[in-house]
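Numbering (the working numbering), first residue to last: 1319 to 1434.
All residues carry an ideal CB built from backbone N, CA and C; glycine is no exception.
In this text, all values refer to a predicted model and were calculated from it rather than measured experimentally.
Below is one structure, written out as structure tokens; comments come after it.
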């Protein structure tokens, strides 16, 4: 395959991956919101139902909901990672466009049909 064909194929692949990731971001972000909501509700329940001093109840609630907090943090991290991947793909798309423009310029500058 020619260099131009490879560029077009790569740009198309990047475009498809960007489409897929933009749809995935919506689900990841939603999952993070739900995870944090579950964490807050569980913390409040553990705190209200706890016994002892305020500090004791706070710490008991923190310990009780740590797995939910971790799930929420992981959901946030997955969202951040997908957003970073989108940023990288957009950068690659711009690089590909620049290379494509350079190839077009080279092609336009080549002598066509002239004897050398």
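In the DSSP annotation of this structure, residue 1371 is not part of any alpha helix (DSSP H), being labelled neither H nor E.
Burial state of residue 1386 is buried, judged by a 10 Å Cβ sphere holding 16 or more other Cβ atoms. Distance between residue 1326 and residue 1420, taken at the CA atoms: about 13 Å. Residue 1362 counts as exposed, since fewer than 16 other C-beta atoms from the protein chains shown sit within 10 angstroms of its C-beta.
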